[in-house]
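Trainee:
There are 2 protein chains.
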Amino acid sequence: MREALAEAAFQLFLQRGFEQTTVDDIVARAGVGRRSFFRYFPSKEDAVFPDHERCLANMTAFLEASDGPDSVGVVCDAARLVMRMYAAKPEFSVQRYQLTRQVPGLHTYELSVVRRYERTLAGYLRGRWSATPDGALRAEVLAAAVVAAHNHALRSWLRSGGGGDAGEAVDRALAMVRNMWAGGAPPHQPTTEEESATRGGSGEEVIVMVARKGVPLWRAVQRVESALGEK
Amino acid sequence: MREALAEAAFQLFLQRGFEQTTVDDIVARAGVGRRSFFRYFPSKEDAVFPDHERCLANMTAFLEASDGPDSVGVVCDAARLVMRMYAAKPEFSVQRYQLTRQVPGLHTYELSVVRRYERTLAGYLRGRWSATPDGALRAEVLAAAVVAAHNHALRSWLRSGGGGDAGEAVDRALAMVRNMWAGGAPPHQPTTEEESATRGGSGEEVIVMVARKGVPLWRAVQRVESALGEK
Numbered sequence: 001m002r003e004a005l006a007e008a009a010f011q012l013f014l015q016r017g018f019e020q021t022t023v024d025d026i027v028a029r030a031g032v033g034r035r036s037f038f039r040y041f042p043s044k045e046d047a048v049f050p051d052h053e054r055c056l057a058n059m060t061a062f063l064e065a066s067d068g069p070d071s072v073g074v075v076c077d078a079a080r081l082v083m084r085m086y087a088a089k090p091e092f093s094v095q096r097y098q099l100t101r102q103v104p105g106l107h108t109y110e111l112s113v114v115r116r117y118e119r120t121l122a123g124y125l126r127g128r129w130s131a132t133p134d135g136a137l138r139a140e141v142l143a144a145a146v147v148a149a150h151n152h153a154l155r156s157w158l159r160s161g162g163g164g165d166a167g168e169a170v171d172r173a174l175a176m177v178r179n180m181w182a183g184g185a186p187p188h189q190p191t192t193e194e195e196s197a198t199r200g201g202s203g204e205e206v207i208v209m210v211a212r213k214g215v216p217l218w219r220a221v222q223r224v225e226s227a228l229g230e231k
Numbered sequence: 001m002r003e004a005l006a007e008a009a010f011q012l013f014l015q016r017g018f019e020q021t022t023v024d025d026i027v028a029r030a031g032v033g034r035r036s037f038f039r040y041f042p043s044k045e046d047a048v049f050p051d052h053e054r055c056l057a058n059m060t061a062f063l064e065a066s067d068g069p070d071s072v073g074v075v076c077d078a079a080r081l082v083m084r085m086y087a088a089k090p091e092f093s094v095q096r097y098q099l100t101r102q103v104p105g106l107h108t109y110e111l112s113v114v115r116r117y118e119r120t121l122a123g124y125l126r127g128r129w130s131a132t133p134d135g136a137l138r139a140e141v142l143a144a145a146v147v148a149a150h151n152h153a154l155r156s157w158l159r160s161g162g163g164g165d166a167g168e169a170v171d172r173a174l175a176m177v178r179n180m181w182a183g184g185a186p187p188h189q190p191t192t193e194e195e196s197a198t199r200g201g202s203g204e205e206v207i208v209m210v211a212r213k214g215v216p217l218w219r220a221v222q223r224v225e226s227a228l229g230e231k
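Chains as they are written, first to last, in our numbering: chain F, 1 to 231; chain P, 1 to 231.
1) Can you tell which of P:Gly-31, P:Arg-155, P:Thr-22 and P:Asp-24 has its C-alpha closest to the C-alpha of Gln-98 of chain P?
2) Could you check where the alpha helix (DSSP H) with Asp-46 of chain P kicks off and where it finishes?
3) For a contact meaning CB atoms closer than 7 Å, what does Ser-112 of chain F contact in chain P?
4) Less than 9 Å between the beta carbons of Arg-2 of chain P and Pro-50 of chain P, yes or no?
5) Is there contact between the stretch 46–66 of chain F and the stretch 113–121 of chain F, where contact requires at least three CB pairs shorter than 8 Å?
6) Along the alpha helix (DSSP H) that carries Glu-19 of chain F, what are the first and last residues, could you check?
7) Could you check the C-alpha separation between Asp-67 of chain P and Ser-130 of chain P for me, to the nearest Å?
8) For Ala-139 of chain F, I'd like the list of residues in its chain whose CB is within less than 7 Å of its CB, leaving aside the five on either flank, ordered along the chain.
9) Sort F:Gly-17, F:Met-85 and F:Val-27 by Cα distance to Arg-54 of chain F and report the nearest one.
10) Can you list, in chain order, the residues of its chain whose CB lies under 7 Å from that of Met-176 of chain P, leaving out five sequence neighbours each side?
11) With a 10 Å radius around its C-beta and 16 neighbouring C-beta atoms as the bar for buried, classify Phe-160 of chain F as buried or exposed.
12) If you draw a straight line from the C-alpha of Phe-38 of chain P to the C-alpha of Ala-166 of chain F, how long is it?
13) When the cut-off is 9 Å and only beta carbons count, does Trp-157 of chain P lie next to chain F?
14) Is Arg-101 of chain F buried or exposed, if buried means 16 or more other CB atoms sit within 10 Å of its CB?
15) Closer than 9 Å between beta carbons: that is the criterion. Which residues of the stretch 168–181 of chain P meet it against chain F?
16) When you compare each of P:Trp-181, P:Asp-171 and P:Met-180 to Ala-79 of chain P by their alpha carbons, which one comes out closest?
17) The alpha helix (DSSP H) spanning Trp-157 of chain P covers which residue range?
18) What number of angstroms, rounded off, separates the C-alpha of Glu-91 of chain P from the C-alpha of Gly-162 of chain P?
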């Protein structure tokens, strides 16, 4: 019933426009009563985005079950849940993207949803970094960066017509955030396994960086990366 | 006239509530006709935030006039324009913050405005980094991080009642974004002056970092910073 209503609503929005379609039109097309609509959707806008509430609930559950040392990785994985929801229905997602760009009310609705995802991710990081100086600030900034990277990749995919691999584009964007994030996440105590991996064997290629103590490390690293051709 | 209308509207919103106040109430209190209101404000929501349009215009003008090599610094300075607008009227800003938290429509309006600031900053960076691989993605991510840091500090200040120095809190938050941003901004060609500053004199304290080439630089830097007690 819920899905049938969302489907009927979306077809009408595409045919007649969002503003021009009433809830009465939608329930007539779906063959149900007016009350049924409001049982499932608080507003017309909600019918355009029928899956976000469930995705937010999934994200919260995913974060609650996550407990590894790599909090930034957990948050990136959580963000991918949103991409997968879009990628599961490429045609619908692309059509909705086009509709959303035309209707200011839908654009605003989407901003609210994005902010809720961002707050969910920030809340997780805040909990993990509660003992870190500026933990709440770092949490907010990293969540915003992850969401921005995710959405940038997702939007590119939607604009391209949903043809390629959304997951790959999002993975690349999130990997870039992690690389940009030198020193952003509080350091964690390395496990023994990581320690030995870091110590490495003999004869491996090494980087030696020398910097004056007054020079910000990020600038020194920029130059090393630039010299290595990583940028 | 515009200011008088915004003032009358705000007093009524505080006294009676936002939803309960009509445009007729506002114009009656300000002693003008109904049309005058809509000449200045497209909606009731706009009257709650009378300064954002001007601030957005100022930000755009500031960015257009900015041309230094430090694009991230320019964007941080541009973000500070918003803080200064809030700090210029502490009591009004604090009362509005409380009102905004109670009225979903105002909260949504604010999200739209925040997104416009973010897009303005991202647009500047995109222009500066157009020749950089992933320049558009980096621009989007950095703009989101700057806005998140700025807003985190601003919200703390508003929640504390607007008593302390908003500028100082925002400066600290933005400085942290810059420190987190190791390698995030594309490297720029250093000027001769910077080069000689970087080379420095003899006898200065230096950092020597050695890392295997397979280890991500951000992780190596985390450990150096951790050892230096900078985190």
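Even glycine gets a Cβ: it sits at the ideal position worked out from N, Cα and C.
Mentor: According to the structure data:
1) Taking the first residue of the second sequence as position 1, residue 98 of chain P is located at position 98. When only C-alpha atoms are compared, the closest one is P:Arg-155.
2) Residue mapping note: residue 46 of chain P aligns to position 46 of the second sequence, counting from 1. For Asp-46 of chain P, the uninterrupted alpha helix (DSSP H) segment begins and ends at 44–48.
3) Within the first sequence, numbered from 1, the residue matching residue 112 of chain F stands at position 112. Those are Thr-108 and Leu-111, listed as they occur along chain P.
4) Against the second sequence, residue 2 of chain P aligns to sequence position 2. Against the second sequence, residue 50 of chain P aligns to sequence position 50. Cβ distance < 9 Å, so Arg-2 of chain P and Pro-50 of chain P count as in contact.
5) Yes, the stretch 46–66 of chain F touches the stretch 113–121 of chain F.
6) In the first sequence, the residue the question calls residue 19 of chain F occupies position 19. Looking at the DSSP string, Glu-19 of chain F is not in any alpha helix (DSSP H), and its letter there is neither H nor E.
7) Here the question's residue 67 of chain P lines up with position 67 in the second sequence. Here the question's residue 130 of chain P lines up with position 130 in the second sequence. Approximately 15 Å, taken between the alpha carbons.
8) On the first sequence, residue 139 of chain F is found 139 positions in, with the first residue counted as 1. Answer for Ala-139 of chain F: Ala-122, Leu-125, Arg-126 and Trp-129, listed in chain order.
9) Start at 1 with the first residue of the first sequence, and residue 54 of chain F comes out as number 54. The residue with the shortest Cα to Cα distance from Arg-54 of chain F is F:Met-85.
10) In the second sequence, residue 176 of chain P corresponds to position 176, counting from 1. Ala-149, listed in sequence order.
11) Along the first sequence, read from residue 1 onward, the residue named residue 160 of chain F stands at position 160. With the sequence shown as reference, residue 160 of chain F is identified as Ser, and Phe is not the correct amino acid for it. Label assigned to Ser-160 of chain F: exposed.
12) Taking the second sequence and counting its residues from 1, the one referred to as residue 38 of chain P is at position 38. Taking the first sequence and counting its residues from 1, the one referred to as residue 166 of chain F is at position 166. So the alpha carbons of these two residues sit roughly 44 Å apart.
13) Locating residue 157 of chain P in the second sequence gives position 157, counting from the first residue. Trp-157 of chain P does not count as touching chain F.
14) Counting from one through the first sequence, the residue named residue 101 of chain F turns up at place 101. Its Cβ having fewer than 16 others within 10 Å, Arg-101 of chain F is exposed.
15) If the cut-off is 9 Å between Cβ atoms, the stretch 168–181 of chain P has Arg-172, Ala-173, Met-176, Val-177, Arg-178, Asn-179, Met-180 and Trp-181 near chain F.
16) Taking the second sequence and counting its residues from 1, the one referred to as residue 79 of chain P is at position 79. Nearest C-alpha to Ala-79 of chain P: P:Asp-171.
17) Numbered from its first residue, the second sequence carries residue 157 of chain P at position 157. Unbroken alpha helix (DSSP H) run through Trp-157 of chain P: 135–159.
18) Start at 1 with the first residue of the second sequence, and residue 91 of chain P comes out as number 91. Start at 1 with the first residue of the second sequence, and residue 162 of chain P comes out as number 162. Answer to the nearest angstrom: the Cα atoms are 7 Å apart.
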